[in-house]
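Enquirer: Heads up, the final residue of the sequence shown is numbered 233 in my numbering, and it's a clean run with no missing numbers. The beta-carbon is built from N, C-alpha and C at its ideal position, and this holds for glycine as well. Could you have a look at this structure, given as C-alpha cells, before my questions?
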Amino acid sequence: MRKMAQQPSSRSFALPPPDGRVAMAVVQQQIEAIVFAANEVVTIATIRQVTGLLLRPAEIKNMVERLNEEYEATGRTFRIHAIAGGYRMLTCPEFSDLLRPLNAPKTRRAFSRSLLEVLAVIAYNQPVTRADIQQVRGVSPDYAVERLLHHGLIEVRGRADAPGRPLQYGTTAAFLDMFHLSSLTDLPKLREIREILQEQEEERELQPSNKSNNPLNVYEAGKE
C-alpha cells in the first residue's frame, strides 16, 4: 500500500503585513477570535502559530490594548487580560457575584477546603517542602500535595538543602490561570481562595447531618 507523504509538523512564519489600518485591523480581529475561542490562556507562541505571523510581543500587547479600549468604549462586559505569559478573555470583576453560581460549584466539586489551604500555603511560601506545609497546617499534607500535582497546579521545584534532600514544590502556570493572575506578584488577589473556603463552609452547614465529618467530603464527592 502506498504511503502518503508526511506533512511538515510546523507552519512557516511570515512577517506581519505592511503597516496599514486595514491590514493590522485584520490581524487584531484574528487575535480577538483566537483568545475568544480558547478556554485557556493563549500564549504568544500559539498566536503566532495560528496566525502564521511572526508577531512581536509588543505588537500583540498593543493590539490587545486597542481591543480593550474598544470593549470599554462600547460597554462590553469582558476584557482580555495578560495571564501567565499569555492572554485570556474574562468577564469584568463587577459581574463576579452574578456569575458565581455558575462557576463556584465546579470549583467546589474539584477542590476541598484542605486542598485549597495547602495550595495557599505553597503559593505564598514557595518553594516549600511537605514538612514546611505540615508545620504551617499541623497535619500531613501528603494527600493534598498528590492531588494538586495530579491537577497540575503545583510542580516539583528541586530539592531543599536539608537532611534527606526533600522535594520542594511551587505553583504552575495553570495555578495562575485558575486564579486569573498575571504573575506571582499578583498574589494578594488570592483572597479568592478565602472566599471559596467560606462558601464551602456555608455549604457544609446546609448539608444533612448524616453526612460524614470527613473534611475531604467535598473533594471525594467529585472524584472521577
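Quick check on the burial criterion: 16 or more other C-beta atoms within 10 angstroms. Buried or exposed for Q177?
Expert: Translated into positions along the sequence shown, residue 177 becomes position 168. Buried, because 16 or more other Cβ atoms sit within 10 Å of the Cβ of Q177.
Enquirer: What separation, rounded to the nearest whole angstrom, lies between the Cα atoms of I56 and L125?
Expert: On the sequence shown, position 47 is the one that residue 56 refers to. On the sequence shown, position 116 is the one that residue 125 refers to. Each residue's alpha carbon lies about 32 Å from the other.
Enquirer: Looking at D186 and I92, is the spacing between their C-beta atoms short of 7 Å?
Expert: For the purposes of this step, residue 92 is taken as residue 83 along the sequence shown, with counting starting at 1. For the purposes of this step, residue 186 is taken as residue 177 along the sequence shown, with counting starting at 1. Yes; because the gap between Cβ atoms is below 7 Å, this pair is in contact.
Enquirer: Taking 8 Å as the cut-off, does the stretch 75–88 touch the stretch 168–177 (at least 3 CB pairs, one atom from each stretch)?
Expert: no
Enquirer: Which full runs of the beta strand (DSSP E) of 3+ residues lie inside the stretch 30–102, going along the chain?
Expert: 87–92, 95–100
Enquirer: Could you tell me the distance, in whole angstroms, from the CA atom of L62 to the CA atom of Q39?
Expert: Within the sequence shown, numbered from 1, the residue matching residue 62 stands at position 53. Within the sequence shown, numbered from 1, the residue matching residue 39 stands at position 30. Taking the straight line from one Cα to the other gives about 11 Å.
Enquirer: Provide the residue span of the beta strand (DSSP E) that contains Q177, from first to last.
Expert: Position 168 of the sequence shown, counting from 1, holds the residue named residue 177. 176–180 is the span of the beta strand (DSSP E), which, as asked, contains Q177.
Enquirer: Among M72, G161, L196, which has the Cα closest to the Cα of A32?
Expert: Locating residue 32 in the sequence shown gives position 23, where the first residue counts as 1. Minimum Cα distance to A32 is reached at M72.
Enquirer: Tell me which residues share the same chain as V127 and place their Cβ nearer than 8 Å to its Cβ, disregarding the 5 neighbours each side in the sequence.
Expert: Here the question's residue 127 lines up with position 118 in the sequence shown. The answer, listed in chain order, is I142, R146, P150, A153, V154, L157.
Enquirer: What distance in whole Å lies between the Cβ atoms of V50 and R97, which are believed to be in contact at a cut-off of 8 Å?
Expert: Within the sequence shown, the letter at position 88 stands for residue 97. Within the sequence shown, the letter at position 41 stands for residue 50. The Cβ separation is near 5 Å, so the contact holds.
Enquirer: Which stretch, first to last residue, makes up the beta strand (DSSP E) that contains V165?
Expert: Reading the sequence shown from its first residue, position 156 is the one you call residue 165. Here the beta strand (DSSP E) through V165 covers 163–168.
Enquirer: For Y84, does the count of other Cβ atoms within 10 angstroms reach 16, so buried, or fall short, so exposed?
Expert: Stepping through the sequence shown from its first residue, residue 84 is reached at position 75. For the sequence presented, residue 84 should be read as Gly rather than Tyr. Classification of G84: exposed, given that the 10 Å Cβ count is below 16.
Enquirer: State the beta-bridge partners of V137 as determined by DSSP.
Expert: Walking along the sequence shown from the start, residue 137 turns up at place 128. DSSP output for V137 lists Y178 as bridge partner(s).
Enquirer: So, with DSSP's three-state summary, where would you put P172?
Expert: Residue mapping note: residue 172 aligns to position 163 of the sequence shown, counting from 1. Note: P172 maps to coil in three-state DSSP.
Enquirer: Put P114 into one of helix, strand or coil per three-state DSSP.
Expert: Taking the first residue of the sequence shown as 1, we reach residue 114 at position 105. Because P114 sits at a pLDDT of 49, beneath the cut-off of 50, its placement in the model cannot be relied upon, and the following sentence gives the value as read from the coordinates. Correct three-state label for P114: helix.
Enquirer: Does DSSP put S5 in a helix, in a strand, or in coil?
Expert: The structure shown does not extend to residue 5, since the chain is modelled only from 10 to 233, so the question has no answer here.
Enquirer: Within a Cβ cutoff of 6 Å, which residues of the same chain sit near A183, ignoring the five residues on either side of it in sequence?
Expert: As a working mapping, residue 183 is identified with position 174 in the sequence shown. Same-chain partners within the cutoff: G161, L162.
Enquirer: Only counting the same chain, and skipping five residues up and downstream in sequence, which positions put a Cβ closer than 7 Å to that of G95?
Expert: Your numbering for residue 95 matches position 86 in the sequence shown. The answer, listed in chain order, is V50, V51, T52, I53.
Enquirer: Count the other CB atoms, across all protein chains shown, that sit within 10 Å of the CB of T194; report buried if there are 16 or more and exposed otherwise.
Expert: On the sequence shown, position 185 is the one that residue 194 refers to. Around the C-beta of T194, fewer than 16 other C-beta atoms lie within 10 Å, and the residue is accordingly described as exposed.
Enquirer: In the DSSP assignment, find the unbroken alpha helix (DSSP H) run with H159 in it and report its ends.
Expert: Translated into the one-based positions of the sequence shown, residue 159 becomes position 150. Start and end: 151–159.
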